[in-house]
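Remarks on the structure that follows.
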Amino acid sequence: MSQVWSSKVTFAHGQLHLAGVPAKQLAEEFGTPTFFLDEADFKARAATWGNALSASFGQNAGNVYYAGKAFLCIEVAKWIAQSGIGLDVCTGGELAVALAADFPVSKIQVHGNNKSKAEIRKAVEVGVGTIVVDSLIEIERIAAAAKLAHKVQKVLLRLTPGIEAHTHESIATAHEDVKFGFSISSGSAWEGVLATRKHPEIEICGFHGHIGSQILSMDAFAVAADRLIEFLAKYRDEFGVQLPELDLGGGYGIAYLPEDQSLAPETVLPALFDAVQNACAKYKIDMPRISIEPGRAIVGPAMFTLYEVGTTKEVVLESGATRNYISVDGGMSDNIRPSLYGAEYTAVIANRVSTSTVRSSRIVGKHCETGDIVIRDIALPSDLAPGDLLAVPATGAYGRSMASNYNHVPRPPVVAVIDAKARVIVRRETEADLLGLDM
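Next comes the structure, spelled out in structure tokens:
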């Protein structure tokens with residue numbers, strides 16, 4: 219089966235099943251739109267990334283940090299803890315979820331380009347393992363919070379190695395003209411090193427680099443590793459001590475279309491090891507502990523969104539051709555990625571077999587925006603009708619995380635399914651929830 223679906227998705231008699239539960243039954247019990255999460259698949263992916271890091275790097279394996287921004291809730295945080303990997307959070311809210319799940323604080327890494335004083339104080343007080351420093355101002359804030367708590371806080375400096383990865387501008391994060399990190403080429407990275415070393419309350423353990431998201435080639439990761447290790451060597455040569463850690467971030471791409479191929483851990487980690495080993499030899503430096511952050515690669519393929527078709531409409535194009543507009547009961551409020559940066563998805567009829575001819579179709583949402591498009595161009599059967607179910611795979615990363623209440627639409631629930639049993643782990647919002655903040 220195509221890599222866009224999780225391991226427990228099957229098709230029988232034209233109907234999609236998740237872990238043995240048919241889509242029609244899921245829709246009847248939980249409504250639509252709903253995010254359905256393959257629990258066994260998620261857990262297996264988390265464990266596989268952790269095992270692959272250990273297998274490739276051995277004693278130099280650091281942590282696999284699940285990137286909470288992809289999708290996070292209390293139940294998922296518990297699964298991550300059970301898998302033995304760490305958790306990367308980038309706001310006070312994500313940290314609150316981790317703490318509510320009793321996630322081991324020593325395996326929490328705190329990220330973000332504008333951490334508030336309150337967020338930093340909380341992170342230091344609870345004893346997070348690492349804070350990734352993004353600016354000179356944060357250095358002062360972390361030092362002040364650590365001093366107040368009578369602690370020494372471990373940090374990594376986030377560096378931008380100046381790589382333009384082949385991805386959309388909105389999700390490319392390592393070239394120079396971005397809000398993240400300290401630039402190696404401009405000298406601000408060294409300025410960050412010197413500023414950090416002034417504070418006895420801060421222990422600099424190494425560097426962090428992240429070059430973007432949805433990257434499908436290892437070439438850029440190899441270049442990033444080389445530049446970051448060169449900077450480690452510069453630090454050693456200047457201060458006579460080698461920093462022990464290097465976090466090479468994430469951004470490993472997944473399949474969104476049937477023809478796509480995901481970057482699998484058995485591909486990523488050996489290639490990353492070779493790149494790190496070559497760079498260490500080049501700069502005559504001992505291999506540091508290597509950590510990574512494959513959030514999207516764990517949860518993205520493990521979830522799909524189930525919609526119900528509301529209306530269909532034939533539209534005549536300027537060329538004289540026609541397109542079938544298929545409106546579903548969600549849209550940009552549960553998946554902003556197509557509107558935000560042109561992300562592409564596929565979809566299937568999930569409730570029946572169709573023998574009708576296919577035609578050019580566009581799946582759109584219910585919001586008052588022309589750009590409210592789920593899938594811009596897809597060939598679907600011409601007999602699609604109100605009440606049919608459409609399943610869109612690979613929506614685990616950023617679908618629910620970036621969901622909004624645009625047009626005052628309640629956000630969908632997340633339902634975990636395993637061994638033919640389904641349960642709600644994030645409930646559907648209600649109109650009462652929407653009204654609850656009004657004074």
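What the sequence shown shows, in this note's numbering, is residues 219 to 657, in sequence order. Glycine included, each C-beta is placed from N, C-alpha and C at the ideal position.
query: Simplified DSSP state of residue 242, which is helix, strand or coil; result: helix
query: Secondary structure of residue 601, DSSP reduced to three states; result: coil
query: Element boundaries [alpha helix (DSSP H), containing residue 423]; result: Counting along the chain, residue 423 falls outside any alpha helix (DSSP H), though it belongs to the beta strand (DSSP E) covering 420-427.
query: Classification of residue 655 by the beta-carbon crowding that lies within 10 angstroms, buried from 16 upward; result: exposed
query: Residue nearest to residue 604 in terms of C-alpha spacing, selected from 571, 347 and 527; result: 527
query: Assumed close pair residue 564, residue 596 - CB separation to whole angstroms, cut-off 8 angstroms; result: 7 angstroms
query: Under 7 angstroms between C-beta atoms of residue 313 and residue 348; result: no
query: Residue 466 beta carbon near the ligand MN (any heavy atom closer than 6 angstroms); result: Judged by which ligands are present, the structure shown has none, so any question about the ligand MN falls away.
query: Outcome for residue 457 when other beta-carbon atoms lying within 10 angstroms are tallied against a minimum of 16; result: exposed
query: Proximity winner among 360, 551 and 525, relative to residue 606 (alpha-carbon distances); result: 525
query: Option in 431, 410 and 430 with minimal Cα separation from residue 421; result: 410
query: Backbone secondary structure at residue 450 - three-state DSSP; result: helix
query: Same chain, Cβ closer than 7 angstroms to residue 434, neighbours up to 5 away in sequence not counted; result: 471 and 481
query: Under the three-state DSSP convention, the category residue 592 falls into; result: strand
query: Same chain, Cβ closer than 7 angstroms to residue 503, neighbours up to 5 away in sequence not counted; result: 447, 450, 451, 454 and 460
query: Straight-line Cα distance separating residue 579 from residue 430; result: 31 angstroms
query: Where residue 622 falls, given that 16 or more other Cβ within 10 Å makes a residue buried; result: exposed
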